[in-house]
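To start, the structure itself, in structure tokens.
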Ligand code: SF4
Ligand code: SF4
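Residue numbers (my numbering): 0 to 695.
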């Protein structure tokens with residue numbers, strides 16, 4: 000009889016699950032081809048298989064949050080180990096004495112993980128209670144998550160472990176338990192003690208709970224495919240197909256279907272960005288279906304943390320819900336979408352994403368960094384922006400002058416090319432300029448890419464001059480392009496105007512090829528990222544270092560000697576495009592630690608968890624009308640350490656944090672002598688004998 004019951008529930012559960020899995024497969028296949036992704040994943044499997052293993056099996060990203068990470072990791076590992084107990088339960092249907100061998104160690108390990116899951120459940124319960132939206136409102140990382148389903152899952156996991164321990168305890172009393180001596184399976188053994196008074200009734204308990212175990216496990220299987228816990232099934236695939244090493248750094252080129260868009264000769268039916276849900280690639284749709292609603296991205300997002308509408312979790316789950324609602328249309332083969340509401344627009348019009356949310360993103364990458372299942376938020380946000388800008392010309396009006404300036408002057412501030420060398424005035428040495436028709440001489444080691452901010456902004460010019468003076472002191476020969484340098488195109492690309500980006504990028508690549516650029520040092524992390532990691536997409540392969548990398552190397556080689564004591568407490572702000580996007584965390588810190596007298600203090604949100612200054616994603620050229628200003632949030636965090644200097648390594652961060660510190664000095668919450676400067680300026684002051692402070 001128990002065999003019949005076991006077979007029936009198994010067949011029913013697999014039929015229901017299989018139907019759902021097939022439905023999901025067809026739904027995800029409704030997306031566009033994921034260009035190069037399968038190939039990239041294959042390469043990664045060979046080169047970076049370790050990364051996949053540490054992320055899935057090792058739970059690397061989850062463990063970045065220690066307590067919930069450990070609880071999740073033990074639950075996941077238990078999930079693998081307890082597969083054996085499911086096999087044992089099926090075996091017990093046909094043979095009371097069934098076991099996978101009879102070694103005591105297996106029974107012990109199974110019990111260890113069963114108990115670990117029970118402890119993890121207590122941890123999850125406490126976390127979910129303490130961080131519940133009812134208690135913490137918008138600050139809860141479970142804000143608008145499906146918390147009911149999450150509690151249901153916790154209850155089911157408890158039922159899996161409880162039925163397991165009860166049938167194993169009963170098996171000990173009936174003599175059917177395969178692993179001896181029994182006390183090694185300590186948790187089951189304790190349950191056996193409790194059940195012992197039931198005497199012969201243990202046989203009935205054993206049979207009932209073996210079946211109950213299978214029913215609960217199968218119900219869990221069905222529930223997983225219909226709930227947010229789908230991630231248990233999809234996460235390994237999503238991580239496998241994710242960009243390697245992650246979706247930070249370069250943006251992807253624009254594809255329409257299976258081909259890259261040729262902006263000089265676009266096809267009539269090319270899709271620019273994402274207008275409807277089926278414009279997402281298969282990997283994009285897989286991203287949406289994989290979200291666990293854990294809220295880690297939301298907790299790290301500077302926009303959400305300062306009161307903006309943008310919440311990366313809700314952006315993904317909103318698109319996911321829309322995907323599932325669109326399933327009848329997508330699966331029926333009726334692809335017509337003319338009458339559908341737009342993806343980006345007002346909620347009253349049925350749209351999925353509020354334009355306020357779309358434009359609030361600073362492209363800082365904190366969400367991508369945090370996501371334990373490798374969802375690629377920034378790629379999706381940028382693809383949505385691309386459609387808004389390129390097709391609908393819909394973007395914040397205040398950013399229009401920036402785009403016009405880029406097209407007309409190759410500089411987002413519209414500064415004429417002739418002013419690009421203004422920063423060199425008064426330097427005690429000549430800066431070599433590569434003129435029209437010239438190539439970089441063989442004795443020049445680095446082409447110094449100054450960047451628009453470094454050439455145009457008064458404060459950033461201090462950094463530019465400091466870098467040039469340090470390199471000159473170290474005997475590093477350098478040259479600049481002067482008026483021939485134009486914006487790399489980063490602000491245009493991040494706002495979604497790929498057309499203007501490509502125009503500028505191709506112009507710069509042609510210039511760099513013409514002058515035969517070999518090694519480039521960039522002072523702006525955005526230039527560093529764009530030239531070094533995005534220009535290869537357009538055929539421009541150059542060796543690019545950030546100035547902090549070069550300065551750290553020169554200090555290490557003894558070519559730069561920081562001799563004068565600085566005597567200041569300094570906290571370093573990680574620029575997003577240098578740290579998270581570029582992976583450069585140590586060189587700026589190495590430079591600071593080489594300066595005698597500097598007391599370096601870290602902000603709570605530093606390195607991979609660094610908090611944006613608010614300027615990325617072309618936000619530098621947009622108004623910030625909602626919530627607290629992001630630069631104020633960041634400077635407030637820095638000021639809690641009472642530093643003398645807030646150091647950074649990016650001209651945009653320097654401007655944003657410099658403005659914020661001035662605001663705080665005006666309202667009396669910051670000391671009047673707190674400075675925001677680049678690490679290069681700190682090094683220069685020490686190398687040159689601590690000259691007076693640079694006055695912004
Ligand atoms: S990139 Fe930064 S600002 Fe944009 S959604 Fe992610 S965390 Fe938020
Ligand atoms: S997108 Fe990633 S980090 Fe954000 S809620 Fe979903 S799974 Fe968690």
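Beta carbons are placed, not taken as given, at the ideal position from N, Cα and C, and that holds for glycine. All values derive from a computational prediction rather than experimental measurement.
Is it the case that the CB of residue 362 approaches a heavy atom of ligand 1 more closely than 8 Å?
Here residue 362 is taken as the residue at index 363 of the chain shown, counted from 1. Yes; taking the cut-off as 8 Å, the Cβ of residue 362 has a heavy atom of ligand 1 nearer than that.
Spatial neighbours of residue 210 within its chain, please: CB distance less than 7 Å, with the 5 preceding and 5 following residues excluded, ordered by chain position.
Taking the chain shown and counting its residues from 1, the one referred to as residue 210 is at position 211. Cβ within range, chain order: 1, 4, 5.
For residue 674, does the three-state DSSP call read helix, strand or coil?
By one-based count along the chain shown, residue 674 stands at place 675. Looking at residue 674 - three-state DSSP - the assignment turns out to be strand.
What are the start and end residues of each continuous alpha helix (DSSP H) run of 4 or more residues lying completely inside the region 421-475, in chain order?
Within the region 421-475, the runs of alpha helix (DSSP H) at least 4 residues long that lie entirely inside it are, in chain order, 451-455, 457-473.
Should residue 96 be counted as a contact of ligand 1 given a C-beta to heavy atom distance under 8 Å?
Here residue 96 corresponds to residue number 97 of the chain shown, with the count starting at 1. Outside the cutoff, so no.
Give me the DSSP bridge partner(s) of residue 254.
Looking up residue 254 in the chain shown gives position 255. Paired residue(s): 259.
Distance, residue 488 Cα to residue 496 Cα:
Within the chain shown, the letter at position 497 stands for residue 496. Within the chain shown, the letter at position 489 stands for residue 488. Taking the straight line from one Cα to the other gives about 9 Å.
Reference residue 684, options 606, 260, 596, closest by Cα:
What you label residue 684 is simply residue 685 of the chain shown in a count that begins at 1. Among 606, 260, 596, the Cα nearest to that of residue 684 belongs to 596.
Work out the CA separation of residue 578 and residue 554 for me, nearest whole Å.
Numbered from 1 along the chain shown, position 555 holds the residue referred to as residue 554. Numbered from 1 along the chain shown, position 579 holds the residue referred to as residue 578. About 20 Å.
Counting Cβ pairs, one atom from each stretch, are 3 or more of them under 8 Å apart for the region 23-34 and the region 250-266?
Yes, the region 23-34 is in contact with the region 250-266.
Minimum length 4: unbroken alpha helix (DSSP H) runs contained in the region 59-144:
Every unbroken stretch of the alpha helix (DSSP H) spanning 4 or more residues and falling wholly within the region 59-144 is given here in chain order: 65-80, 82-93, 103-129, 132-135.
Between residue 186 and the rest of its own chain, which residues show a CB-CB distance below 7 Å, the 5 nearest in sequence each way excluded?
By 1-based counting over the chain shown, the position of residue 186 is 187. If we look at residue 186 and ignore the five residues flanking it on each side, its Cβ neighbours are 110, 113, 114, 164.
Sorted by chain position, which residues of the same chain lie with C-beta nearer than 7 Å to residue 423's C-beta, five sequence neighbours on each side aside?
As a working mapping, residue 423 is identified with position 424 in the chain shown. 430.
Taking the straight line between their C-alpha atoms, what separation do you get for residue 565 and residue 559?
Here residue 565 refers to the residue found at position 566 of the chain shown. Here residue 559 refers to the residue found at position 560 of the chain shown. Distance between the alpha carbons of residue 565 and residue 559 is about 16 Å.
Answer yes or no: the CB of residue 249 versus the heavy atoms of ligand 1, is any distance below 8 Å?
On the chain shown, residue 249 is found 250 positions in, with the first residue counted as 1. No; taking the cut-off as 8 Å, the Cβ of residue 249 has no heavy atom of ligand 1 nearer than that.
Would you kindly report the start and end of the unbroken alpha helix (DSSP H) that includes residue 598?
Residue numbering aside, residue 598 sits at position 599 when the chain shown is read from its first letter. Looking at the DSSP string, residue 598 is not in any alpha helix (DSSP H); the run it does join, the beta strand (DSSP E), is 597-599.
Drop a sphere of 10 angstroms on the beta-carbon of residue 428, count the other beta-carbons inside from all chains shown, and report buried for 16 or more, exposed for fewer.
In the chain shown, the residue the question calls residue 428 occupies position 429. Residue 428 is classed as exposed because its beta carbon has fewer than 16 other beta carbons within 10 Å across all chains shown.
When the Cα of residue 599 is compared with those of 645, 609, 574, 622, which residue comes out closest?
Stepping through the chain shown from its first residue, residue 599 is reached at position 600. Looking at the Cα atoms, 645 is the closest of the given residues.
Could you have a look at residue 178 and say whether DSSP puts it in helix, strand or coil?
In the chain shown, counting from the first residue as 1, residue 178 sits at position 179. In the structure shown, the three-state DSSP call for residue 178 is coil.
Do you know whose CA, among 659, 89, 664, lies nearest residue 697's CA?
Nothing in the structure corresponds to residue 697, since the chain is present only between 0 and 695.
Per DSSP, which one or two residues make a beta bridge with residue 545?
Position 546 of the chain shown holds residue 545. 521.
Determine the DSSP secondary structure at residue 276, reduced to helix, strand or coil.
Residue numbering aside, residue 276 sits at position 277 when the chain shown is read from its first letter. Three-state result, residue 276: helix.
Please work out which residues of its chain come closer than 8 Å, Cβ to Cβ, to residue 562, disregarding the five sequence neighbours upstream and downstream, and give them in chain order.
Position 563 of the chain shown, counted from the start, is the residue given in the question as residue 562. Its chain contains 595, 685, 686, 688 as the residues whose beta carbon lies nearer than 8 Å to that of residue 562, once the 5 sequence neighbours on both sides are disregarded; these appear in chain order.
Taking C-beta to C-beta, are residue 529 and residue 492 nearer than 9 Å?
Here residue 529 is taken as the residue at index 530 of the chain shown, counted from 1. Here residue 492 is taken as the residue at index 493 of the chain shown, counted from 1. It is a contact, given that the beta carbons lie within the stated cut-off.
Measure the alpha-carbon distance for residue 321 versus residue 313 and round it to whole angstroms.
In the chain shown, residue 321 corresponds to position 322, counting from 1. In the chain shown, residue 313 corresponds to position 314, counting from 1. Using only the alpha carbons, I get a separation of about 12 Å.
Is the beta carbon of residue 289 less than 9 Å from the beta carbon of residue 236?
Residue mapping note: residue 289 aligns to position 290 of the chain shown, counting from 1. Residue mapping note: residue 236 aligns to position 237 of the chain shown, counting from 1. The answer is yes: Cβ separation under 9 Å.
Going by DSSP, what residue range makes up the beta strand (DSSP E) through residue 568?
Taking the chain shown and counting its residues from 1, the one referred to as residue 568 is at position 569. Run containing residue 568: 567-571, per the beta strand (DSSP E) assignment.
For ligand 2, I want to know if residue 372 counts as a neighbour, meaning its beta carbon is within less than 8 Å of at least one of the ligand's heavy atoms.
Against the chain shown, residue 372 aligns to sequence position 373. Indeed, a heavy atom of ligand 2 lies less than 8 Å from the Cβ.
Supposed contact pair residue 406 and residue 448 - C-beta distance, whole angstroms, cut 8 Å:
Your numbering for residue 448 matches position 449 in the chain shown. Your numbering for residue 406 matches position 407 in the chain shown. 21 Å between Cβ atoms; not a contact.
Could you check if residue 377 belongs to the surroundings of ligand 3, using beta carbon to heavy atom distance under 8 Å?
By its list of ligands, the structure shown excludes ligand 3, since it contains just ligand 1 and ligand 2.
Straight-line CA distance for residue 204 to residue 369?
Stepping through the chain shown from its first residue, residue 204 is reached at position 205. Stepping through the chain shown from its first residue, residue 369 is reached at position 370. The straight-line gap from Cα to Cα measures roughly 45 Å.
Residue 359 beta carbon less than 9 Å from that of residue 302:
Reading the chain shown from its first residue, position 303 is the one you call residue 302. Reading the chain shown from its first residue, position 360 is the one you call residue 359. Yes, the Cβ-Cβ distance between residue 302 and residue 359 is below 9 Å.
Does ligand 2 have a heavy atom nearer than 8 Å to the CB of residue 132?
Taking the chain shown and counting its residues from 1, one reaches residue 132 at position 133. For ligand 2, not one heavy atom lies less than 8 Å from the Cβ of residue 132.
Assuming contact is defined by CB atoms lying nearer than 9 Å, are residue 222 and residue 228 in contact in what I supplied?
Position 223 of the chain shown, counted from the start, is the residue given in the question as residue 222. Position 229 of the chain shown, counted from the start, is the residue given in the question as residue 228. At a Cβ-Cβ threshold of 9 Å, residue 222 and residue 228 count as neighbours.
Beta carbon of residue 212, beta carbon of residue 84: below 9 Å?
Looking up residue 212 in the chain shown gives position 213. Looking up residue 84 in the chain shown gives position 85. Going by C-beta atoms, residue 212 is nearer than 9 Å to residue 84.
Cβ-Cβ distance between residue 156 and residue 372 below 9 Å:
Against the chain shown, residue 156 aligns to sequence position 157. Against the chain shown, residue 372 aligns to sequence position 373. Cβ atoms of residue 156 and residue 372: not closer than 9 Å.
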